[in-house]
Structure formats: structure tokens, C-alpha cells
Amino acid sequence: MEWQGAQVAAFSVDCPAGTAGVGSVTMDAGVVGSGSFTVGVDASAENIRWALTVTQPE
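For the sequence shown, the numbering used here begins at 791 and goes up steadily by one.
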């Protein structure tokens, strides 16, 4: 995850064939300031489906 050009979080998720992988990262309040952020996804194959949920409780 990037915010204003700086990487503020990274994580990997293993997704064995036929199963769902789950990953998460928790950040302290204020790590990402107001405004937009960027998330990049690299999948091992083009037919890999993925979803992302971002929760900002602050």
C-alpha cells in the first residue's frame, strides 16, 4: 500500500488452488493521512480472482 509515494504497508497471501487465501495488515491511526492511497496486486496467473476490503476506523 502506498500513500504519497511512500510504501506504508506490505503483505503476501498464499492462495493454493481451489481455496481462498486471506491476508490482512493493521496500521496505527494516522499512518495514512487524508487523501487517496494506492494498492497494487500481483497475481501468479491472469485467471486468479481477488477482492480487497479497506476499513478505516479512525
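Just so it is clear, CB atoms sit at the ideal spot from N, CA and C, and this is done for glycine as well. As the structure is a computational prediction, the values presented were derived from the model and not from experiment.
Subject >> Bridge partners - T828, DSSP secondary structure assignment >> reply: E792
Subject >> Nearest-angstrom Cα separation, counted from G820 out to C805 >> reply: Each residue's Cα considered, the two are about 31 Å apart.
**OP:** Measure the C-alpha to C-alpha separation of A810 and I838 and round it to an integer number of angstroms.
**Re:** 10 Å
Subject >> Contact set for W840: own chain, Cβ-Cβ below 7 Å, skip 5 residues either direction >> reply: If you ignore the 5 residues before and after W840, its C-beta comes within less than 7 Å of the C-beta of V831, A833, all in its own chain and listed in chain order.
**OP:** Kindly indicate which residue of T843, G825, D818 has the alpha-carbon position closest to the one of G795.
**Re:** G825
Original post:
If you count every other CB in all the chains shown that lies within 10 Å of the CB of V822, and 16 or more means buried, which is it?
Top reply: buried
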